[in-house]
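The opening residue of the sequence shown carries number 16 in this note's numbering; numbering runs sequentially from there.
Each residue gets a CB set at the ideal place from its N, CA and C atoms; glycine is no exception.
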Amino acid sequence: MRSSNPVLTRLDDTARVEHRVLGAGAARPMTVDDVVVRTVGLLLLTGATGAVAWTYVTDGWAAPAALGSALAGLVLALVISFRRVTNPILVGGYAVLQGVLLGVASRGFEAVYPGIVVQAVVGTFGVFVGMAVLYGLRVLRATPRFARLVVGALIGVVVLSLVNLAVYLISGREALVVYSTGSKVGWLPYVFALVAITVGALTFVLDFDLVERGVRDGLPARYAWFCAFGLLVGLVFLYWQILRLLSYVRR
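Laid out in C-alpha cells, this is it:
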C-alpha cells in the first residue's frame, strides 16, 4: 500500500529495495523517535525563518520574496522527492524557503484579519494531533480501499486548485478558491476548503502507516529526514487550507 503523499511514496519505492539489497546490518535502522525529532527540528526551523521574514522583509520586497521562495521551494521539493534525497542540508533548505513564504504571506493575512495566524496554527496542529490519536487507536486504518479514495481525492483537489489558479491569473475570475481579501465568498469556496482540509487530514493516516512500516522493516536511519520532509509538506498544505477557510469566515 502506498502513501497519498508523493514524497513518502518515494520512500516506499526506493528505501525498501535498498534495505533488502544491503541487508539489515548495513546501517542503523530508523526509529519513530528519529522521525519525530527531525520533524520537530524542521518545524522549528520553518517557524524561526518565518518569524525573521515576518519581521524584516519590507512590504516592497514581500511579493518578490513570496514568489521567489514559492518557486524555489517547489523546485527543491521536486528534487528531494524524485531523487529520494536524505541530505539534511537540502531538507533544511526547503524548510527555510517555506518559512520565508509562510512568514511573508501570513503577515499579509494577519494585517487584514488580526489573530488569524494563531488560529490557523492551532487548527493545523490540532488536526495533526487528532489524526495521530485516531491512527494510534486504530479508529482510522490505512486499508487499500481507504488509500485509493484518499489518493483520488487528493489528486482532484490539486488539479482543481491549479485550474482555478490558472483561470484567476488569466481572467481574474475566482471560483473554487478566493485569492483577493476584499472579495465576497459564496458557498462553493467554503465547500472546497472544507474538502481540502478533510483530504489533507486523511493523508496523515497513510503517512503514519508508511513511517510505521518503514520502522518495522528496519529502513536506514537517514530516511527519517525523508519522512520528516514529507510530513512537513503535509503540515504546510494543511495550514494553507485552514488559513484560507478562516479568512472566508472572517469576512
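Check for me: the alpha helix (DSSP H) holding residue i runs from which residue to which?
{"i": "residue 53", "result": "47-71"}
Around the Cβ of residue i, are there at least 16 other Cβ atoms within 10 angstroms (buried) or fewer (exposed)?
{"i": "residue 257", "result": "buried"}
{"i": "residue 162", "result": "buried"}
{"i": "residue 79", "result": "exposed"}
{"i": "residue 147", "result": "exposed"}
{"i": "residue 129", "result": "exposed"}
{"i": "residue 131", "result": "buried"}
{"i": "residue 170", "result": "exposed"}
{"i": "residue 224", "result": "buried"}
{"i": "residue 193", "result": "buried"}
{"i": "residue 231", "result": "exposed"}
{"i": "residue 222", "result": "buried"}
{"i": "residue 104", "result": "exposed"}
{"i": "residue 186", "result": "exposed"}
{"i": "residue 102", "result": "exposed"}
{"i": "residue 46", "result": "exposed"}
{"i": "residue 159", "result": "exposed"}
{"i": "residue 59", "result": "exposed"}
Excluding the five sequence neighbours on either side, which residues of its own chain have a C-beta within less than 7 angstroms of the C-beta of residue i, listed in chain order?
{"i": "residue 81", "result": "116, 119 and 120"}
{"i": "residue 135", "result": "254, 257, 258 and 261"}
{"i": "residue 49", "result": "236 and 239"}
{"i": "residue 122", "result": "69"}
{"i": "residue 217", "result": "165"}
Report all residues from its chain with a CB closer than 8 angstroms to the CB of residue i; omit the five preceding and five following residues, and keep chain order.
{"i": "residue 220", "result": "146, 149, 150, 155, 156, 157, 161 and 165"}
{"i": "residue 77", "result": "119, 122 and 123"}
{"i": "residue 139", "result": "250, 253, 254 and 257"}
Quick one: what does DSSP say residue i is sitting in, helix, strand or coil?
{"i": "residue 19", "result": "At residue 19, the pLDDT of 49 sits below 50, so the modelled position is not reliable; the number obtained from the coordinates is stated separately. Coil at residue 19, not helix or strand."}
Using a Cβ-Cβ cut-off of 6 angstroms (strictly less than) and excluding sequence neighbours within five positions of residue i, which residues of its own chain qualify?
{"i": "residue 85", "result": "116"}
{"i": "residue 57", "result": "110, 243 and 247"}
{"i": "residue 112", "result": "84, 87 and 88"}
{"i": "residue 190", "result": "179"}
Every unbroken alpha helix (DSSP H) inside the region 77-164 [4 residues or more] | Runs found: 103-127 and 131-151.
What alpha helix (DSSP H) runs, 4 residues minimum, are completely inside the region 216-264?
-> 238-264, all fully within the region 216-264.
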